[in-house]
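Trainee: Submitted below is the structure of interest, expressed as C-alpha cells.
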Amino acid sequence: MTCTRCDGLMVSEWICDLQGMSSDLCAEGYRCLLCGNIIDRTILENRRPSTNATEPLTGSSPYMPRLVAA
Ligand SMILES: [Zn+2]
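Last residue of the sequence shown: 88 in the numbering used here, with the numbers rising by one and none dropped.
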C-alpha cells in the first residue's frame, strides 16, 4: 500500500475518531508514514457526510434543537 499523495509507505492501523465525525467510530485503515495521510475503508468505499451521526465537538451548536421550536 502506497500513499496516494506522496507515494510513501502506508501502514495498516486502527484509526479512531476520524476527523471528529464520531467518537465511536473506529475503522481499520492506512496511515502514511511520510505525510500523515490517512485512508480508511469508509473513505475508500464512500465519502458520504455523516450529518445524521453524532455532531462534531468542534461546533457550538445547541444540543437540544426541539426546545427552540416553542
Ligand atoms: Zn503520503
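Just so it is clear, CB atoms sit at the ideal spot from N, CA and C, and this is done for glycine as well.
Give every residue of the same chain whose Cβ lies closer than 8 Å to the Cβ of Glu46, excluding the five residues on either side of it in the sequence, and list them in chain order.
Mentor: Ser30, Glu31, Trp32, Ile33, Asp58, Arg59
Trainee: Which residue's Cα is closest to the Cα of Cys44: Ile56, Leu51, Leu52, Met19?
Mentor: Of the candidates Ile56, Leu51, Leu52, Met19, the one whose C-alpha sits nearest the C-alpha of Cys44 is Ile56.
Trainee: Please report the residue range of the beta strand (DSSP E) in which Asp25 lies.
Mentor: Asp25 -> no beta strand (DSSP E), and no H or E assigned at all.
Trainee: Please report the distance separating the alpha-carbon of Cys53 from that of Gly26.
Mentor: For Cys53 and Gly26, the distance between alpha carbons rounds to 8 Å.
Trainee: Excluding the 5 residues flanking Cys21 on each side, which residues of the same chain have their C-beta closer than 6 Å to its C-beta?
Mentor: Excluding sequence neighbours, Cys21 sits near Met28, Cys50, Asn55.
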